[in-house]
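Structure first, commentary second.
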Amino acid sequence: MFFEIHGRRVAVNIPARAMLEAEILARFKAGQGFALATVNLDHLVKMEASETFLSAYQAQDLVVADGRPIVWLSRLARRPVALMPGSDIVLPLCRLAAEAKVPVVLAGSTEEALQDAENALTEAVPGLQVAWTHAPSGRFDPEGEEADQILHRLDETGRCLCFLALGAPKQERFAQRGRKLSPAAGFASVGAGLDFLGGHQKRAPAWVRAMAMEWLWRALSSPTRLLPRYAKCLAILPGLTLKACRIRAR
Numbered sequence: 463m464f465f466e467i468h469g470r471r472v473a474v475n476i477p478a479r480a481m482l483e484a485e486i487l488a489r490f491k492a493g494q495g496f497a498l499a500t501v502n503l504d505h506l507v508k509m510e511a512s513e514t515f516l517s518a519y520q521a522q523d524l525v526v527a528d529g530r531p532i533v534w535l536s537r538l539a540r541r542p543v544a545l546m547p548g549s550d551i552v553l554p555l556c557r558l559a560a561e562a563k564v565p566v567v568l569a570g571s572t573e574e575a576l577q578d579a580e581n582a583l584t585e586a587v588p589g590l591q592v593a594w595t596h597a598p599s600g601r602f603d604p605e606g607e608e609a610d611q612i613l614h615r616l617d618e619t620g621r622c623l624c625f626l627a628l629g630a631p632k633q634e635r636f637a638q639r640g641r642k643l644s645p646a647a648g649f650a651s652v653g654a655g656l657d658f659l660g661g662h663q664k665r666a667p668a669w670v671r672a673m674a675m676e677w678l679w680r681a682l683s684s685p686t687r688l689l690p691r692y693a694k695c696l697a698i699l700p701g702l703t704l705k706a707c708r709i710r711a712r
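So the sequence shown is numbered by this note's numbering: it starts at 463 and just counts up by one.
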């Protein structure tokens with residue numbers, strides 16, 4: 463599945479969980495870094511508005527589907543992809559890292575949330591090594607001095623898996639730079655995934671997620687912040703549906 467934005471293509475190039483895990487494990491074993499992003503409607507809205515974010519997404523090595531609308535559009539286009547939200551892939555990736563003896567780095571959120579996430583991960587994944595954590599300042603700039611310091615430390619760490627909980631577009635832009643400045647590191651942009659692990663954000667109940675209504679649950683829990691975002695997402699759906707139909711007809 464792919465999306466064309468301003469004449470440029472962003473593809474969901476990892477359509478299945480097994481393919482993602484095989485690719486990550488192969489890169490771990492080869493000492494080869496990567497940048498993993500999870501595309502959703504909000505990201506597509508942001509890419510329409512920002513050439514910088516669009517370029518950052520095109521620089522990602524691996525892109526998976528985060529959000530049922532992306533999955534539904536892929537099925538409509540007859541190019542189906544599996545649902546792989548960032549919050550659902552943290553533990554599987556940590557298990558792969560432990561298997562390959564690759565240390566993990568946690569970056570983003572707050573010091574308290576990262577400590578709780580580290581505790582949850584090491585308890586859930588035997589043998590997992592968390593090399594270090596970093597909670598950035600409130601004015602974190604993915605191209606600023608603080609980002610340079612983190613990337614320098616990642617380069618010194620060498621082969622590692624770095625989870626980024628910086629929010630879009632900061633985490634994807636940071637990963638874009640990281641691919642050049644810390645080439646042995648794997649970057650996984652997981653949004654609120656670390657906060658969910660440590661209990662600092664509450665995820666929708668499983669039955670709500672099964673009904674594909676997590677977006678509504680989140681919107682009602684934080685209407686001021688999320689309702690305008692979801693309104694923009696809904697606004698682009700008709701155009702995306704039409705484009706999916708055109709892909710289907712090819």
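Idealized CB from N, CA, C, for every residue including glycine.
Boundaries (first-last residue) of the beta strand (DSSP E) holding ILE476: Within the sequence shown, numbered from 1, the residue matching residue 476 stands at position 14. Neither: ILE476 is in no beta strand (DSSP E) and is coded neither H nor E.
Euclidean distance between Cα positions of ALA672 and LEU545: If you number the sequence shown from 1, residue 672 lands on position 210. If you number the sequence shown from 1, residue 545 lands on position 83. Linking ALA672 to LEU545 through their CA atoms gives a straight-line distance of about 12 Å.
First through last residue of the beta strand (DSSP E) which encompasses VAL592: Here residue 592 refers to the residue found at position 130 when the sequence shown is read from its first residue. Start and end: 592 to 596.
Contact check, ALA579 vs GLY653, beta carbons under 7 Å: Mapped onto the sequence shown, residue 579 falls at position 117. Mapped onto the sequence shown, residue 653 falls at position 191. It is not a contact, given that the beta carbons lie outside the stated cut-off.
Among GLU466, ARG479 and ARG687, the one whose alpha carbon lies nearest that of LEU558: Stepping through the sequence shown from its first residue, residue 558 is reached at position 96. LEU558 has its Cα closest to that of ARG479, out of GLU466, ARG479 and ARG687.
Sheet register partners of VAL566 (DSSP bridge): For the purposes of this step, residue 566 is taken as residue 104 along the sequence shown, with counting starting at 1. VAL566 pairs with VAL592 and LEU623.
Coarse secondary structure for VAL652, derived from DSSP in three states: For the purposes of this step, residue 652 is identified with residue 190 of the sequence shown, where counting begins at 1. If DSSP states are grouped into helix, strand and coil, VAL652 belongs with coil.
DSSP beta-bridge partners of GLU466: In the sequence shown, the residue the question calls residue 466 occupies position 4. GLU466 is bridged to ARG471.
Expected contact under 8 Å - CB spacing of LEU613 and ARG635 to nearest Å: Residue 613 sits at position 151 when you count from the first residue of the sequence shown. Residue 635 sits at position 173 when you count from the first residue of the sequence shown. Actually they are not in contact, since the Cβ atoms of LEU613 and ARG635 sit about 12 Å apart, beyond 8 Å.
When GLY493, VAL474, VAL507 and ARG615 are compared against GLN522, the one with the closest alpha-carbon: As a working mapping, residue 522 is identified with position 60 in the sequence shown. If we check each option's Cα against that of GLN522, VAL474 comes out closest.
Per-residue burial, ASN502 [other beta carbons within 10 Å of its own, 16 or more giving buried]: Here residue 502 corresponds to residue number 40 of the sequence shown, with the count starting at 1. Under this definition ASN502 is a buried residue.
GLY419 to PHE649 span [Cα, whole Å]: Any question about residue 419 goes unanswered here, given that the chain covers just 463 to 712.
Proximity winner among LEU656, ASP528 and ARG687, relative to LEU574 (alpha-carbon distances): The residue given as residue 574 occupies position 112 in the sequence shown. According to the sequence displayed, residue 574 carries Glu and not Leu. Checking every option, the nearest Cα to that of GLU574 belongs to LEU656.
Coarse secondary structure for PHE602, derived from DSSP in three states: Working through the sequence shown from its first residue, we reach residue 602 at position 140. PHE602 falls in the coil class under three-state DSSP.
CB of LEU568 within 7 Å of CB of LEU555, strictly: Within the sequence shown, the letter at position 106 stands for residue 568. Within the sequence shown, the letter at position 93 stands for residue 555. With a cutoff of 7 Å on beta-carbon distance, LEU568 and LEU555 are scored as not near each other.
Straight-line gap, THR584 to GLY606 (C-alpha atoms, nearest Å): For the purposes of this step, residue 584 is taken as the residue at position 122 of the sequence shown. For the purposes of this step, residue 606 is taken as the residue at position 144 of the sequence shown. So the two alpha carbons sit approximately 31 Å from each other.
DSSP bridge partner residues for VAL552 (one or two, in chain order): What you label residue 552 is simply residue 90 of the sequence shown in a count that begins at 1. None; VAL552 has no bridge partner.
Close beta carbons around LYS491, own chain, < 7 Å, minus the five adjacent residues each side: Within the sequence shown, the letter at position 29 stands for residue 491. Taking C-beta separations shorter than 7 Å and ignoring five residues to either side along the sequence, the partners of LYS491 in its chain run ALA562, following chain order.
Cut-off 7 Å between Cβ atoms - residues of its own chain near GLU608, not counting five sequence neighbours on either side: As a working note, residue 608 is residue 146 in the sequence shown. Closer than 7 Å at the Cβ level, and outside the excluded window around GLU608, lie PRO598, SER599 and PHE602.
Contact set for ILE476: own chain, Cβ-Cβ below 7 Å, skip 5 residues either direction: What you label residue 476 is simply residue 14 of the sequence shown in a count that begins at 1. Same-chain partners within the cutoff: LEU482, GLU485, LEU524, VAL525 and VAL526.
Closest by C-alpha distance to SER644, when choosing among CYS707, CYS624, LEU628 and GLY469: Translated into positions along the sequence shown, residue 644 becomes position 182. Looking at the Cα atoms, CYS624 is the closest of the given residues.
Supposed close pair ALA647, GLY548 - CB separation, criterion 8 Å: Start at 1 with the first residue of the sequence shown, and residue 647 comes out as number 185. Start at 1 with the first residue of the sequence shown, and residue 548 comes out as number 86. 17 Å between Cβ atoms; not a contact.
ALA706 and LEU535 closer than 7 Å at C-beta: The residue labelled residue 706 in the question sits at position 244 within the sequence shown. The residue labelled residue 535 in the question sits at position 73 within the sequence shown. Cβ atoms of ALA706 and LEU535: closer than 7 Å.
From VAL587, ARG708, LYS632 and VAL592, residue whose alpha carbon lies closest to that of MET509: In the sequence shown, counting from the first residue as 1, residue 509 sits at position 47. Looking at the Cα atoms, LYS632 is the closest of the given residues.
Per-residue burial, PRO685 [other beta carbons within 10 Å of its own, 16 or more giving buried]: What you label residue 685 is simply residue 223 of the sequence shown in a count that begins at 1. Exposed is the call here.
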